[in-house]
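Report on the structure given below.
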Amino acid sequence: DIDMFSTPVISGVIDLTPPEQYGQALPLRDTVLLGEELVVVFTEAILCEKPFTFDLQVIIDGTNYRFDREELQVVCEGRKVGFQIDPTVGIDVEQVMGKTFTVEIGKVGVDSLSNIFDANGN
């Protein structure tokens, strides 16, 4: 007597790939107005639950301004992260007009455990 059990085969895809930036940040032009939203789109939906799993930092070159996620207005939704400088943090508009800036999203700094993750934790 042989006991036997059979189930249907379930097919699927194992997702081990982390999200990556898709294209350039929006808006697609050389100048951005203070208070205008910048948007970064990713290759797949990202984990947007609060507290966010990613760091976000904006550095305005040639100034002492450095804004972390807490000092920015951040919207995370589907495949995109949008942000703008919170006007209530106190910024001298004359000092930042015409300046270039750097944006880092994900893991900022060597000691950070944060990053951009998808719904599967990649």
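Quick note on the numbering used here: the sequence shown kicks off at 1453 and runs consecutively.
Using N, Cα and C, we set each Cβ at its ideal position, and we do this for glycine too.
Note that the structure is a prediction, hence the values are computed from the model and not measured.
Run through DSSP, which three-state label would residue i get?
i, result
"VAL1491", "strand"
"THR1554", "strand"
"ARG1518", "strand"
"GLU1501", "coil"
"GLU1546", "helix"
"GLU1496", "coil"
Output yes or no for whether 9 angstroms exceeds the beta carbon distance between residue i and residue j.
i, j, result
"VAL1493", "GLN1473", "yes"
"PHE1519", "VAL1533", "no"
"GLY1514", "THR1552", "yes"
Between the Cα of residue i and those of the options, spot the shortest distance and give me the residue it belongs to.
i, options, result
"GLY1558", "ILE1454, MET1549 and PHE1569", "PHE1569"
"GLY1573", "PHE1506, LEU1499 and LEU1565", "LEU1499"
"LEU1565", "THR1495, THR1515 and PHE1504", "PHE1504"
"LEU1490", "PHE1457, GLN1476 and ASP1563", "GLN1476"
"CYS1528", "GLU1501, GLU1546, GLY1550 and ILE1543", "GLU1501"
Leaving out five residues before and five after residue i in sequence, what residues of the same chain have Cβ atoms less than 6 angstroms from its Cβ?
i, result
"VAL1541", "GLU1523"
"ARG1531", "VAL1493, PHE1494 and ALA1497"
Looking only at its chain, what residues have a beta carbon closer than 8 angstroms to the beta carbon of residue i, apart from the 5 residues adjacent to it on each side?
i, result
"LEU1508", "ASP1520, ARG1521, LEU1524, VAL1526, VAL1533, PHE1535, VAL1555, GLU1556, ILE1557 and VAL1560"
"LEU1485", "none"
"VAL1548", "LEU1486, ILE1512, THR1515 and TYR1517"
Could you name the residues of the same chain whose beta carbon sits closer than 7 angstroms to that of residue i, not counting the 5 residues immediately before and after it, in chain order?
i, result
"ASP1538", "GLU1523, LEU1524 and GLN1525"
Any heavy atom of the ligand GDP closer than 8 angstroms to the Cβ of residue i?
i, result
"GLY1573", "The model on display carries no ligand, and the ligand GDP is accordingly not part of it."
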